[in-house]
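The structure appears right after this line, and notes come after that.
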Amino acid sequence: MDNFEQLLKGQSLREVPPEWRAEILASASVEARQPATCPTGWRGWLWPSPYAWGGLAAVWLVIIGLNVAAQPGVGRQHLRGPVLTEREVLIAMAERQRELEAFFPKSKVKSALPPAARQESPGVWLGRRERDGTEIA
Amino acid sequence: MPVDLARLYDAHARALLGFALNLTRNEADARDVLQEIFHRLARRPELLQGVQSERGFLLRLAHNQAIDLMRRRASREKAGAVAAPEETVGHPFAASHLADEEGFRRALAAALGKLPPEQRAVVHLKLWEDATFAEIAEMLEVSANTAASRYRYGIDKLQAELRPYYNEVKNSWTILNNS
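These protein sequence lines are chains A and G, in that order.
So in this note's numbering, spot 106 of the first sequence is number 1574, and the numbers just go up one at a time.
So in this note's numbering, spot 106 of the second sequence is number 110, and the numbers just go up one at a time.
In structure tokens:
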């Protein structure tokens, strides 16, 4: 510490006004006798800023609610009826094809199946689609 | 366990008031800080359990309380609810019957008032509480390096501000030593 710092350090701090002692200690003893102001139970969790924490919790609830409501399919799936699998669709298409062939000459019926599937059995075609990982839209 | 508030007051009130006055620059605010510290201790005496340095702990409370109070005051002033207090309503130094010394103390108080509160706090704790930088760091919740650099900046500014007074004092010391 240099001379300047020593000079500053030598400046004494002022005394506390004597009348403050009794006043401060008396008010502190009154404070000590008062029951705790911090609430208990669920309100205690929100202490000391119940409005701020409550508001934040409400905002989170709204965000979670909107997030759940915005998920595709949830809550609406039952309105669309049963969802057919790829296999079920192809079997239905093949049955339709057989029905048409029973009523009309073979040459006049235009196949509903894709060209590749027309030359193979539905099972073979299905196997290849599943291997390729392609799906029916 | 009840806490002996009277003993704590007698042992630390002067230091706490000096620190609070240096930070807030306002006697009413400094008194509020002092009172709030004792209210908190009265409400929650367990705060002092396990505390190694009573003085350090109380100065930390005073610092936090003073900062809160200054922030509240600043926001009220910004909102126009209260008028800004005069800068030198309260200064932390004892009055002196020597005119030169009194002048120097007033100039020192004014120069301290020009420092940012964080530098003022470190300078106060180092010079008038004799705290080490490690202790100051713990009290103010900063690193020891930060405390040391704030002290150096603060002292440099004070030295620049008080140079004319300091030169006078140095000359009078030289005269006294030579006589």
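Positions of the beta carbon are idealized from the N, C-alpha and C atoms, including for glycine.
Local conformation of residue i per DSSP, three classes
| i | result |
| --- | --- |
| F1472 of chain A | helix |
| R119 of chain G | The question names Arg, yet the displayed sequence has Leu at residue 119 of chain G. Correct three-state label for L119 of chain G: coil. |
| L162 of chain G | helix |
| S1481 of chain A | Per the sequence shown, residue 1481 of chain A should be read as Leu rather than Ser. Note: L1481 of chain A maps to strand in three-state DSSP. |
| T1553 of chain A | coil |
| N149 of chain G | helix |
| F1567 of chain A | According to the sequence shown, residue 1567 of chain A is Glu rather than Phe. E1567 of chain A: helix per DSSP, three-state reduction. |
| T136 of chain G | coil |
| G22 of chain G | helix |
| R48 of chain G | coil |
| D14 of chain G | helix |
| W1515 of chain A | coil |
| V127 of chain G | helix |
| P6 of chain G | coil |
| F1572 of chain A | coil |
| P1540 of chain A | coil |
| G1522 of chain A | helix |
| G54 of chain G | coil |
| R154 of chain G | helix |
| N30 of chain G | coil |
CB contact check: residue i to chain A, cutoff 7 Å
| i | result |
| --- | --- |
| T92 of chain G | Confidence at T92 of chain G is low in this model, with a pLDDT of 46, below 50, so its placement is unreliable and no value can be given for it. |
| H43 of chain G | yes |
| R98 of chain G | Correcting the residue identity first, residue 98 of chain G is Ala in this sequence and not Arg. Chain A contact via Cβ: present. |
| Q39 of chain G | yes |
| A10 of chain G | yes |
| Q163 of chain G | yes |
| L131 of chain G | yes |
| A152 of chain G | no |
| G22 of chain G | yes |
| A46 of chain G | yes |
| Q109 of chain G | Correcting the residue type first, residue 109 of chain G is Arg in the shown sequence and not Gln. True, the Cβ-Cβ gap to chain A drops below 7 Å. |
| L17 of chain G | It is worth fixing the name first, because residue 17 of chain G is Ala in this sequence and not Leu. So, interface residue. |
Top-ranked residue by Cα proximity to residue i, from the options
| i | options | result |
| --- | --- | --- |
| A151 of chain G | G:R167, G:Y170, G:H128 and G:L166 | G:H128 |
| G107 of chain G | G:A70, G:L166, G:Y157 and G:L63 | G:L166 |
| L27 of chain G | G:A15, G:R64, G:Q56 and G:R48 | G:R64 |
| S1497 of chain A | G:L162, G:I159, G:P49 and G:R18 | G:P49 |
| L38 of chain G | G:Q53, G:L51, G:R47 and G:G22 | G:G22 |
| P168 of chain G | G:Q56, G:A111 and G:D72 | G:A111 |
| Q56 of chain G | G:Y170, G:E142, G:A164 and G:E172 | G:E142 |
| D33 of chain G | G:L62, G:R47, G:M74 and G:R124 | G:M74 |
| A1490 of chain A | G:V126, G:A70 and G:A17 | G:A17 |
| L1493 of chain A | G:L25, G:A24, G:E31 and G:D36 | G:D36 |
| G94 of chain G | A:N1471, A:D1470, A:E1473 and A:P1485 | A:P1485 |
| A103 of chain G | G:D14, G:V173, G:P6 and G:R11 | G:V173 |
| E31 of chain G | G:E133, G:A70 and G:A83 | G:A70 |
| A19 of chain G | G:I41, G:A99 and G:E133 | G:E133 |
| A135 of chain G | A:S1495, A:K1477, A:E1487 and A:G1522 | A:K1477 |
| R47 of chain G | G:L9, G:I159 and G:R109 | G:L9 |
| R156 of chain G | G:V126, G:S147 and G:V146 | G:V126 |
| L191 of chain G | G:A115, G:I41 and G:F61 | Residue coverage of chain G in this structure runs from 5 to 183, which leaves residue 191 of chain G outside it and unanswerable. |
Paired residues, beta bridge with residue i - DSSP
| i | result |
| --- | --- |
| F42 of chain G | In DSSP, F42 of chain G forms no bridge with anything. |
Contact with chain G by residue i, beta-carbon distance below 7 Å
| i | result |
| --- | --- |
| S1462 of chain A | The structure shown does not extend to residue 1462 of chain A, since chain A is modelled only from 1469 through 1605, so no value can be given for it. |
| I1492 of chain A | yes |
| A1538 of chain A | no |
| A1496 of chain A | yes |
| A1520 of chain A | no |
| L1524 of chain A | no |
| L1529 of chain A | no |
| E1487 of chain A | no |
| E1603 of chain A | Confidence is the limiting factor: at E1603 of chain A the pLDDT is only 49, short of 50, which leaves the residue's position unreliable, though a coordinate-based value still follows. No - not a single Cβ of chain G is within 7 Å of the one on E1603 of chain A. |
| L1476 of chain A | yes |
| V1551 of chain A | no |
Whole alpha helix (DSSP H) elements within the region 58-106 of chain G, 4-residue minimum: Taking 4 residues as the shortest admissible run, the region 58-106 of chain G contains the following complete alpha helix (DSSP H) segments, listed from N- to C-terminal end: 58-83.
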